[in-house]
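Residue numbers (my numbering): 21 to 201.
For glycine and all other residues, C-beta sits at the position ideal for the given N, C-alpha and C.
Worksheet for the structure shown next.
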């Protein structure tokens, strides 16, 4: 497994090496020793979650106030266009975006440090797995509309579905007020 630095400060991409033969494939999806080598405490992840999303649907853009949450994200089935927005006021990449395709061919894991907004659009029907370092507290939820004009995210497909909660999300400017220390 190799590790690459993402475009936003503190982000990492864990890229495994799938092994294929006539039976199919095998790949390691997480390695605690490699995580530790790159500054992550594997024991800090306390919750695993999975979502299934229809092609074209968007789940975006979510974050946490307070001390935020770190997560490892991977696509176990299908493909997603994964987007991060740096919402950390003191960060050298504050306000910048990063997008990466996660899929069931490369099995890349995206490490999302605390303080970033995260969302994705399913390019196919897709299962996305999250390994999160904090229990969920709905009082700390922060969300920004997927089509916020200040962010102008270039989603690759027409939107086929989005939740009422995500449609009611606030603006980038409103989120910044909640995320400031």
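- The continuous beta strand (DSSP E) containing residue 41 extends over residues 39-41.
- Inter-residue distance for residue 34 and residue 132 is about 11 Å (C-alpha atoms, whole angstroms).
- Under the three-state reduction of DSSP, residue 173 is assigned to coil, being neither helix nor strand.
- For residue 193, DSSP assigns no beta-bridge partner whatsoever.
- In the same chain as residue 119, and ignoring 5 residues on each side of it, the C-beta atoms closer than 7 Å to its own belong to 101, 102, 103, in chain order.
- Inter-residue distance for residue 55 and residue 136 is about 19 Å (C-alpha atoms, whole angstroms).
- Between residue 78 and the set 194, 175, 196, the nearest pair of CA atoms involves 175.
- Taken atom to atom, the span from the alpha-carbon of residue 107 to that of residue 95 is near 23 Å.
- Under DSSP, residue 118 forms a beta bridge with 104.
- Per DSSP, the beta-bridge partners of residue 140 are 79, 102.
- Per DSSP, the unbroken beta strand (DSSP E) holding residue 147 starts and ends at 146-152.
- Taking the Cα positions, residue 66 is about 32 Å away from residue 179.
- Note that the C-beta distance between residue 81 and residue 129 is not below 9 Å.
- Nearest neighbour of residue 122 by Cα position, chosen from 172, 111, 141, turns out to be 141.
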